[in-house]
Amino acid sequence: MHASLKCVMALTMGLSMTQVNSEMVQSSYLNNDSDSSSLASRVISKDSTNFNSHFSNLNSLSITERSGDQVRRQTIAAKIQVPEDEPSVIDKLNEVASNTVRKFSQTGVASWYGRQFHGRKTASGDTFDMNDLTAAHRSLPLNCFIRVTNKDNGKSVVVKVNDRGPFHGNRVLDLSYGAAKRLGITNSGTARVNIERVDGPNS
């Protein structure tokens, strides 16, 4: 009886010690920083290329690891530097917008304005001179240049957009008296024209 009891007690104690050791190993896995092998470093190095390409605004990284009832969290700084020679999203959008405006063309009715606005300030800050080759457009960039062609007689003139308008009727362009005279529309008052963006006054 005593021998059997000792055997059972030894076996029970052995199982208990095994359970204790198992719990210690599990706790050690989460509490020993050297065993975790820098969890944050492993995650970042896993795919650094994608971080550089897509997460340039990332300032920190939070990592959570679970094991049974144990939870380990780690937050680290993770500011990623984008190569200086790589254009930003804003630069790419500006390039697309610039190219779109540069290829601008439009067809519609143009009118002209003259003496009643002579000497007034335009939207660009210029003083309106009715004899200059200028025009008003609703949306084209101020101080850009456009070629205006009278579709009835084929005459054309390059003008600078320095004002906004017209804001009434179905007209798309208001020409200065000087530009309207070049196109031969001072008597008729309006004409159907074609508008295209050009690089400068001598284009």
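Every letter in the sequence shown is one number past the one before it in UniProt numbering, and letter 185, counting from 1, is 185.
Virtual Cβ for every residue (Gly too), placed ideally from N, Cα, C.
Asked: Report the option in T134, T149, D91, Y113 whose CA atom is closest to the CA atom of S105.; Found: T149
Asked: Use the C-beta contact count for G125: other C-beta atoms within 10 angstroms, 16 or more gives buried, fewer gives exposed.; Found: exposed
Asked: In the structure shown, what three-state DSSP assignment does D91 receive?; Found: helix
Asked: Count the other CB atoms, across all protein chains shown, that sit within 10 Å of the CB of S111; report buried if there are 16 or more and exposed otherwise.; Found: buried
Asked: Would L133 pass as a contact of K160 if the rule is Cβ separation under 8 angstroms?; Found: yes
Asked: I need the boundaries of the alpha helix (DSSP H) containing A179, first residue and last residue.; Found: 177-183
Asked: Are there 16 or more other CB atoms within 10 angstroms of the CB of P141, so buried, or fewer, so exposed?; Found: exposed
Asked: Quick one: give me the first and last residue of the beta strand (DSSP E) that R115 is part of.; Found: Run containing R115: none; DSSP gives neither H nor E here.
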